[in-house]
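All remarks here apply to the structure that follows.
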Amino acid sequence: MKKIVQTTLWVFIVVFCLYYIFTNPQGTAGIVRGFFTGIIDFVKALGGHS
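Residue numbers for the sequence shown, in my numbering: 1382 to 1431.
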């Protein structure tokens, strides 16, 4: 039962993300850019401190 709920939740999240990407390409591009910039900065920070 729990597996079904989890799968349904993931499907809902994926569908929502795809819907958002198609309805708001500019906003999505900004979010993706910010997300990758954040990851890169995080990796740089880890590399710099160790």
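By construction, the Cβ of each residue, glycine as well, lies at the ideal position given by its N, Cα and C atoms.
Along the chain, which unbroken stretches of the beta strand (DSSP E) at least 3 residues long are found entirely within the segment 1385-1418? none
CB contact flag (Thr1409, Ile1402, <7 Å): yes
Using only the alpha-carbon positions, how far apart do Lys1384 and Trp1391 sit? 11 Å
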